[in-house]
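Protein chains in written order, with this note's numbering: chain A, 45 to 219; chain B, 18 to 706; chain C, 104 to 224.
C-beta atoms are modelled at their ideal positions from N, C-alpha and C, and glycine is treated no differently.
Read the structure below first, then the notes.
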Amino acid sequence: MTAEEAVLATAEAIANGRETAPGQKQYVSFTAGAEQYAVDIMSVREIKGWTEVTSLPNQPEHVRGVLNLRGAVLPIIDLQCRLGGGLTETTQRHVIVIVAIEDRQVGLLVDAVSDILDVSDDKIQPVPETNSREDARVFSGFLTDEDQMVAMLDLERLLSAEILDQSQSEDTPVQ
Amino acid sequence: MNELEQFKQTFFEECDELLQRFEEVAVTLVAGANDAEVLDDIFRTVHSIKAGAGAFKFQRLATYCHEFENYMDLVRGGKLQLVEGDPDLVVQAGDILQDLVNAARVGVEAEAALEDDILEILRNKTGAPQSQGGSDDTAEVSAVTTSGFSIKFRPHRAMYETANEPQLLLHALASLGEMTVSTDLQALPDLIKLDPLEGYLAWSIELRGEGIAEDSVREVFEFVDGDCDLEISALDAGVDEADSAPVESQAAEIEPAIVPGNAPAADAKTVAAATQSTSIRVDLERIDRLVDMVGELVIAQAMALDSLSELVDIRHVNQLQALEDLTMRTRQLQEGVMAVRMQPLKALFSRFPRVVRDLSKKLEKNVRLELEGEATEVDKTIIEELSDPLTHMIRNCMDHGLETPVERTESGKPEQGVVKLSAEHRNGRILIRVADDGRGLSLTKVRQKAIDNGLIDESAELSKEEIEALIFMPGFSTASEISDVSGRGVGMDVVRRNIQKLGGRVTVESDEGKGSTFTLALPLTLAVLDGMLISVAGERFVVPLSTIVETVCPDPSAIRQLPDGGSVMSIRGETIRLIDVCGAMSIDRSGQPEPLRKLAVIVETEFGRRIGLVVDELLGQQQVVIKSLEANYRNIPGVAGTAILGDGRVRLILDIDGLSSMDVPRHDAGLQTKSPSDTNRVASGGQSV
Amino acid sequence: MSKRVLAVDDSKTMRDMVAFTLKREGFDVVEAEDGVAAIEASTTGDYDLVISDVNMPRMDGITLVGKLRENPKFRATPILILTTEADQSKKAAGKAAGATGWIVKPFDPDQLVNVVRRVCR
């Protein structure tokens with residue numbers, strides 16, 4: 045799906061949102077690296093094509109920089125990099141999924157938007173406890189769709205480190 | 018209910034205004050005779066809050082206001098004189114009033130028994146009963162009759178003179194039960210003798226119905242009591258029976274024959290509503306939205322200008338003229354909108370007489386506060402944010418700056434110390450000064466303390482300004498010695514940080530033995546900034562114009578590398594530290610040619626210390642709309658905010674003070690920084706403080 | 104044509120509440136923030152009812168009532184004063200000055216409408 049198609053599909057899906065069957069939710073799925081991810085469509089505000097961002101000094105590598113979205117300055121997170129992969133080699137075909145969380149807006153850099161999924165809650169498998177990696181907590185569950193495995197992103201956890209947790213921003217000077 | 022909430026909001030806004038006025042005038046109270054207007058003001062504040070509190074059922078607040086109001090009423094009526102201690106009592110009562118209002122506002126119960134002591138004192142003074150009587154709003158339930166009332170009603174002339182209308186009263190009665198009325202026309206004279214202002218008619222009324230309270234009947238005639246003959250008697254059983262027989266009462270057509278005064282009645286022509294007050298209350302959010310939109314307009318306008326700049330050609334002179342016109346008007350519009358947010362500092366300054374008064378008692382110092390420039394206007398947000406820092410600074414002056422009366426007398430100063438709070442506009446910034454004529458900073462003591470607290474090295478050679486600036490360093494005042502007075506656990510470093518957050522700077526100038534002056538320099542508004550656009554390795558940044566002293570192109574021989582990787586340069590005999598923007602902003606210069614000769618933009622930090630920013634190129638001045646980085650992300654050291662430029666791109670605004678104090682790079686565990694070595698090298702150089 | 108009410112109170116909260124309550128009942132409401140403003144309003148407009156607070160800066164409600172009554176235009180216009188609690192002296196003073204009646208604050212909307220209906224057609 046191109047960014048434009050994705051926008052249309054998302055808009056349509058949001059417009060039709062009420063028609064979802066009870067117990068079902070809609071998700072926007074996308075690819076980053078070789079993996080499939082999905083977020084609740086209600087948290088998606090906008091999807092736009094990749095444009096050059098303004099980088100920020102001394103930030104974690106996955107914070108690609110900031111972008112002007114109609115007057116608001118949003119951070120752009122490289123999803124693949126955030127999840128332990130390398131930096132995304134951006135092209136014009138890459139896509140930024142803008143999500144809202146706790147009155148903040150953040151852009152997720154992904155390879156492409158794949159689909160709008162209607163998913164009933166019981167189809168989502170919990171994350172196995174055995175996984176000791178801290179990063180696993182950024183997933184709220186997995187959806188096995190045909191022979192694909194889609195990881196459902198827990199945006200709060202995904203973004204907590206830089207975006208939501210303001211305690212870190214108080215830079216207490218070091219003696 | 019939505020409206021109710023809205024009224025509540027209006028009410029609380031009004032409370033704020035009233036209480037602020039209260040504060041202003043209450044401190045001027047003295048024992049003995051007082052200005053009637055002041056007493057009236059105070060009375061009215063309490064009175065108005067009481068009315069609202071009653072309407073919104075803030076019972077505790079209403080009860081409190083009631084007692085307070087009674088007291089003030091006696092005082093303003095001259096029935097009670099203010100004696101020694103009473104002015105403080107009023108001020109204190111005002112504080113509690115504020116607390117109760119605050120509690121009501123957030124919907125919590127105020128501290129238990131908060132107002133009890135003061136209520137008891139007030140009641141003692143007014144001679145009101147000590148019992149917690151509550152408000153006497155309990156209407157007694159009157160006897161209820163089963164059958165109804167017989168009413169005889171004969172209005173006097175006076176009743177008509179107050180524009181009471183028998184017909185309406187009868188209508189009101191009719192709403193209570195079933196009514197039969199007969200009109201008594203006996204007193205009506207011949208037409209020729211009829212005085213249109215006199216009342217001639219009388220009515221006999223029988224009102225029947227289950228459970229009509231006599232009080233509700235009396236209530237109908239409440240306003241005309243004394244202006245009419247009125248007999249109300251219960252219909253007893255006997256009458257009840259009699260009633261079943263046909264009585265010669267007819268459902269009278271009530272047509273009050275005489276309308277006194279012949280009023281130019283109802284069909285008033287709509288005349289333009291008169292006397293609207295000259296100010297309106299606007300939700301701050303709406304103004305902010307407007308400010309935002311104008312900000313967008315400025316950006317869009319700049320973008321348009323940018324993209325049309327290639328039109329510079331004689332053929333398009335008219336278009337360019339039009340564009341220039343648009344630019345100018347956009348700027349005017351922006352200024353106009355900004356002006357809406359501007360408020361005089363008076364609202365803020367007026368709190369301090371109170372602070373000084375209370376504190377001088379506590380410290381047993383004799384202090385006079387002088388205010389100047391209260392009319393100076395500043396952005397509302399800034400005013401709000403200034404309250405705490407200024408309070409702290411004033412407390413600090415009084416606690417540490419001013420000497421005790423004995424010490425002052427000994428050193429030949431007048432016993433009364435002076436704290437002066439002043440404000441003025443200068444160069445598009447606002448300067449606020451807090452000055453005292455106290456002991457000033459002792460350079461040796463400050464220096465020693467900084468050494469003791471590990472802030473500077475014993476061998477550090479510091480100028481007077483640098484030593485003075487030490488008091489703003491985090492860790493200078495340690496928690497243990499922060500007194501109860503200037504304390505609350507904050508030191509001047511917090512003041513500095515708060516001011517910095519507003520894009521301002523705070524400096525101190527002191528003359529040992531003569532006093533100190535703290536100066537806050539603040540932007541007039543938080544929304545726009547005059548910036549200098551610079552470029553480094555292809556990246557662009559904005560440097561706040563107000564920090565720039567000059568730009569030089571240093572001769573390589575004037576630059577010395579320091580062993581730790583930093584560098585300094587000498588300019589007119591002064592050695593200043595250089596900060597490589599490229600390194601500090603962790604820009605990857607690979608693939609970007611080094612410029613033949615770099616520029617040093619000399620900027621002044623809030624300490625008044627100068628540093629040189631090493632950049633490739635200056636691109637020109639530009640007014641930018643400031644966008645917070647924190648709104649969607651977080652603060653970054655060395656970055657004051659962001660701006661959206663004409664090309665739509667976000668640019669970082671450099672934080673000069675942040676850059677100069679990035680002495681140790683942050684090592685956040687788990688966060689990979691792109692090039693920590695760069696920052697390390699840049700930041701550690703030459704930082705002695 | 105709806106009736107016009109002049110609501111006089113230095114408290115915006117009170118004015119708002121009076122205005123809101125009466126507008127809902129179909130009245131037109133013009134607001135004035137004190138006696139002086141009300142006098143100004145009275146010279147330029149006609150009203151079917153005046154509701155005024157007592158304690159106000161510049162000109163209090165009692166004085167206002169007296170002044171309005173002196174004006175032939177307002178001789179037969181009902182004027183209600185807003186008093187707090189059962190302050191008999193204010194009621195009496197208001198009556199003496201020519202007030203038609205009073206509304207005891209804190210009023211509730213029903214009470215206000217009731218009283219207004221009692222004095223205004």
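Does the distance from the CB of residue i to the CB of residue j come in under 9 angstroms?
i               : j               : result
V108 of chain C : Y150 of chain C : yes
E30 of chain B  : K115 of chain C : yes
A180 of chain B : V222 of chain C : yes
V118 of chain B : M89 of chain B  : no
N112 of chain A : I661 of chain B : yes
L448 of chain B : A364 of chain B : no
A144 of chain C : S155 of chain C : no
A475 of chain B : I468 of chain B : The amino acid occupying residue 475 of chain B in the given sequence is Glu; Ala does not appear at that position. For E475 of chain B and I468 of chain B, yes; Cβs fall inside 9 angstroms.
G124 of chain B : G165 of chain B : no
K69 of chain A  : D147 of chain A : no
Taking Cβ-Cβ distances shorter than 7 angstroms, what residues in chain B pair up with residue i?
i               : result
T166 of chain C : Under the 7 angstroms cutoff, chain B gives no residues; its nearest Cβ is about 14 angstroms from T166 of chain C.
K115 of chain C : T27, E31
I206 of chain C : The premise fails here: I206 of chain C is roughly 10 angstroms from chain B at the closest Cβ pair, so nothing lies under 7 angstroms.
K198 of chain C : T179
Just the chain A side, please: which residues come within less than 7 angstroms of residue i by C-beta, in chain order?
i               : result
Y88 of chain B  : Near Y88 of chain B there are no residues of chain A at all, since even the closest Cβ is about 46 angstroms away, more than 7 angstroms.
S603 of chain B : P101, N102
Given that a residue counts as buried once 16 or more other Cβ atoms are within 10 Å of its Cβ, and exposed if not, what is residue i?
i               : result
G555 of chain B : exposed
A50 of chain B  : exposed
T155 of chain B : Caution is warranted here: a pLDDT of 38 is assigned to T155 of chain B, below 50, making its placement in the model unreliable, and the coordinate value is therefore given only provisionally. Burial call: exposed.
T23 of chain B  : For clarity, residue 23 of chain B is Gln in the given sequence; the question names Thr instead. Counting Cβ neighbours within 10 Å, Q23 of chain B comes out exposed, since fewer than 16 surround it.
G532 of chain B : buried
L36 of chain B  : buried
P301 of chain B : Checking the sequence, you will find Leu at residue 301 of chain B rather than Pro. By the 10 Å Cβ count, L301 of chain B comes out exposed.
H106 of chain A : buried
I297 of chain B : exposed
S574 of chain B : exposed
M310 of chain B : exposed
A356 of chain B : exposed
V276 of chain B : Reliability of the predicted coordinates at V276 of chain B is poor, the pLDDT of 40 falling under 50, and no value is obtained from them.
Quick one: measure Cβ to Cβ for residue i and residue j, integer angstroms, because I've assumed they're closer than 8 angstroms.
i               : j               : result
V72 of chain A  : V141 of chain A : 7 angstroms
L153 of chain A : R114 of chain A : Actually they do not touch by this definition, with Cβ atoms about 19 angstroms apart.
V384 of chain B : M415 of chain B : 6 angstroms
I121 of chain A : L199 of chain A : Contact flag wrong, Cβ pair sits at about 10 angstroms.
A200 of chain C : R161 of chain C : Rounded, the Cβ-Cβ distance is 17 angstroms, inconsistent with contact.
L123 of chain A : Y81 of chain A  : 7 angstroms
A79 of chain B  : K67 of chain B  : 6 angstroms
Q578 of chain B : S584 of chain B : 5 angstroms
T186 of chain C : W205 of chain C : 5 angstroms
Which residues of chain B have a Cβ atom closer than 8 angstroms to the Cβ of residue i, listed in chain order?
i               : result
V222 of chain C : A180, N181, E182, L185, F240
L111 of chain A : V667
A110 of chain C : Within 8 angstroms Cβ-Cβ: nothing; A110 of chain C doesn't reach chain B, min ~12 angstroms.
Using a Cβ cut-off of 9 angstroms, pull out every chain B residue sitting near residue i, in sequence order please.
i               : result
D119 of chain C : E20, Q23, F24, T27, F28
Q136 of chain A : Neighbours of Q136 of chain A on chain B: none; closest Cβ ~17 angstroms, over 9 angstroms.
G201 of chain C : E178, T179, A180
So which residues on chain A does residue i lean against when the C-beta distance must stay under 9 angstroms?
i               : result
E313 of chain B : R114, G115
D309 of chain B : G115
What does residue i touch in chain C if you count any residue whose Cβ is under 7 angstroms from its own?
i              : result
K96 of chain B : Neighbours of K96 of chain B on chain C: none; closest Cβ ~13 angstroms, over 7 angstroms.
Inset, instruction - Would you be able to state if there are at least three C-beta pairs under 8 angstroms between the region 334-347 of chain B and the region 315-326 of chain B? - result: yes
Inset, instruction - Report yes or no: do the region 200-215 of chain B and the region 230-249 of chain B share at least 3 C-beta pairs separated by less than 8 angstroms? - result: Result no; under three Cβ-Cβ pairs closer than 8 angstroms.
Inset, instruction - Evaluate contact between the region 97-116 of chain B and the region 43-52 of chain B, counting only Cβ atoms and requiring at least three cross-stretch pairs below 8 angstroms. - result: yes
Legend entry - Three or more C-beta pairs below 8 angstroms linking the region 451-458 of chain B and the region 594-603 of chain B: Of all C-beta pairs linking the region 451-458 of chain B to the region 594-603 of chain B, fewer than three are shorter than 8 angstroms, placing the two stretches out of contact.
Inset, instruction - May I ask you to verify whether the region 552-567 of chain B touches the region 628-638 of chain B, counting CB pairs closer than 8 angstroms and requiring at least 3? - result: yes
Inset, instruction - Examine the Cβ distances between the region 160-170 of chain A and the region 187-198 of chain A and report whether three or more of them are shorter than 8 angstroms. - result: yes
Inset, instruction - Inspect the CB distances between the region 508-520 of chain B and the region 422-429 of chain B and report whether three or more fall short of 8 angstroms. - result: no
Legend entry - Three CB pairs or more closer than 8 angstroms across the region 648-656 of chain B and the region 670-680 of chain B: The region 648-656 of chain B makes contact with the region 670-680 of chain B, as at least three CB pairs between them are under 8 angstroms.
Legend entry - Touching by the beta-carbon criterion (3+ pairs, under 8 angstroms), the region 225-236 of chain B and the region 185-193 of chain B: yes
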